Structure formats: C-alpha cells, structure tokens
Amino acid sequence: KQEVTQIPAALSVPEGENLVLNCSFTDSAIYNLQWFRQDPGKGLTSLLLIQSSQREQTSGRLNASLDKSSGRSTLYIAASQPGDSATYLCAVREAGANNLFFGTGTRLTVIP
Amino acid sequence: NAGVTQTPKFQVLKTGQSMTLQCAQDMNHNSMYWYRQDPGMGLRLIYYSASEGTTDKGEVPNGYNVSRLNKREFSLRLESAAPSQTSVYFCASSADPKVTQYFGPGTRLLVL
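Pasting the structure below:
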C-alpha cells in the first residue's frame, strides 16, 4: 500500500524567508503528484499537479519538483508571506488507480 | 460558480442514528469522491464515482453507502453511526480521475 510521509509536521519561519516542504512516497509507480493547501476549518485548494513524466511545475512563488525514482517531491515557497500560513498536503495517484493517497501535511506558520 | 458544495456544515449524531451527507458540483465534472480526514492521518478515500452511474469502494468503505444521484450530486449515507465515524468529511470532484480534484468545504460530524 502506498504510504506518503511529510516531514516536518510543523514549521515556523519569519516573513520573507524561502522554504522547502518535503514529501516522500513508498511506491514510485505513480501517475501524478499534487500539492494542496488547507486553511483551518476549510477544504483543500489545489496548488500544483506534476505528472509522472515531469520534473517540476511552477506557479508564482511556488515551485514543486518530483523525483519519482527516489520517491520524493519538494514544494519550494519563495519570499514567504503571512498569508502563506496554512497546512500543505501532498497526494499521489498511483498508475492505474483512481485513489489519491495523502500525506498528513506540514503546518506552516509565517511570522510577520 | 459555487464549485463543490456540501451540506450540512456540522452535525451531531447519537450512536445508531442515520444521516446522509449531501454534495453537489456545478463544474460538469464526471468524477466525484468522498474522503474522511482524521487527526494525525491523511485524507482517506471512502467511495468514489468515476462517472455518472458508477460507484466504487475506496480505502475505508465500511459503514458507508453512496448514491450518484445524477452528474451533479453524490451523497454519502451512514446507516448506523458509530463514534469511530466522528471525522471531517470532504467531497471532491474532477473532470476525470487523472486530473486535479476540487474540494468542498467539508462536513464536521460528531457521533456521541
């Protein structure tokens, strides 16, 4: 069974710092990987989706990379802002399956 | 567009009671999903519907039933609620199973 791990569980940084969130998965036979943002008491918002054939995706200050062979993905946030404070979740879709397997998330706090 | 809507937002049940969680999407998506989110665990798929007229079990289907009423609506029913079903339930939809999923705001369920 696919297992997705996100370390650290929580992270606090001062405003303006660049930061990296990590995601690892146990089975490299994935179709794609997604990063989501979840604000307290709210649903999930999709940030980036990387297909298994891609190495990275960028959207504004966010850059997600994928190393399928090593089972790792990173989400890079440039010039962090207090509005970036949220929980960030990664999820993988296995090849041939409809399931998304989620990590437990990293709770990010950006301190003004 | 409202996106994905869920009702109710919050519900308290007694053990053994039944209830139906409602989900609707206005994005003309073919695929719809029900997840539960528990503290310390990633979101887990309960049931999904790849297209209108089809439903399939996910990772944790026991104690639940679903109905894909039409293309817009996908309901989740708890026939006899148990305290272990206390959770936050999220509905999601996507154009097809392999692309980005869009999530509703969630239903918080407490079973006493």
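Protein chains in written order, with the numbering used here: chain A, 148 to 259; chain B, 4 to 115.
For glycine and all other residues, C-beta sits at the position ideal for the given N, C-alpha and C.
Predicted, not measured: the structure shown is a model, and the values here were computed from it.
Test: residue i CB closer than 7 Å to a CB of chain B
{"i": "LYS215(A)", "result": "no"}
{"i": "LEU191(A)", "result": "yes"}
{"i": "LEU196(A)", "result": "yes"}
Within-7 Å CB hit, residue i to chain A
{"i": "PRO100(B)", "result": "yes"}
{"i": "PHE13(B)", "result": "no"}
{"i": "THR103(B)", "result": "yes"}
{"i": "PRO42(B)", "result": "no"}
Between the CA atoms of residue j and residue i - distance to the nearest angstrom
{"i": "TYR92(B)", "j": "ALA226(A)", "result": "33 Å"}
{"i": "SER232(A)", "j": "THR57(B)", "result": "38 Å"}
{"i": "ASN31(B)", "j": "ASN73(B)", "result": "11 Å"}
{"i": "SER97(B)", "j": "VAL7(B)", "result": "10 Å"}
{"i": "GLN149(A)", "j": "PHE248(A)", "result": "7 Å"}
Sub-7 Å separation of residue i and residue j beta-carbons
{"i": "GLY250(A)", "j": "CYS170(A)", "result": "yes"}
{"i": "PRO100(B)", "j": "SER34(B)", "result": "yes"}
{"i": "ARG184(A)", "j": "TYR223(A)", "result": "no"}
{"i": "THR10(B)", "j": "GLN28(B)", "result": "no"}
{"i": "GLY190(A)", "j": "PRO108(B)", "result": "yes"}
{"i": "THR103(B)", "j": "SER193(A)", "result": "yes"}
Near the ligand MG: residue i beta-carbon under 6 Å from a heavy atom
{"i": "SER217(A)", "result": "The model depicted lacks the ligand MG and carries no ligand whatsoever."}
**Q.** Touching by the beta-carbon criterion (3+ pairs, under 8 Å), the segment 73–82 of chain B and the segment 46–59 of chain B
**A.** Verdict: yes, contact present.
Q. Listed from N- to C-terminal order along the chain, which residues in the segment 225–256 of chain A have their beta-carbon within a distance smaller than 8 Å of any beta-carbon of chain B?
A. Answer set for the segment 225–256 of chain A: LEU236, ALA238, ARG240, ASN245, ASN246, LEU247, PHE248, PHE249, GLY250, THR251, GLY252.
Q: May I ask you to verify whether the segment 39–49 of chain B touches the segment 5–25 of chain B, counting CB pairs closer than 8 Å and requiring at least 3?
A: no
(Q) Using a Cβ distance threshold of 8 Å, determine whether the segment 106–115 of chain B contacts the segment 59–67 of chain B, with at least three qualifying pairs required. (A) no
**Q.** Three or more C-beta pairs below 8 Å linking the segment 213–222 of chain A and the segment 166–182 of chain A
**A.** yes
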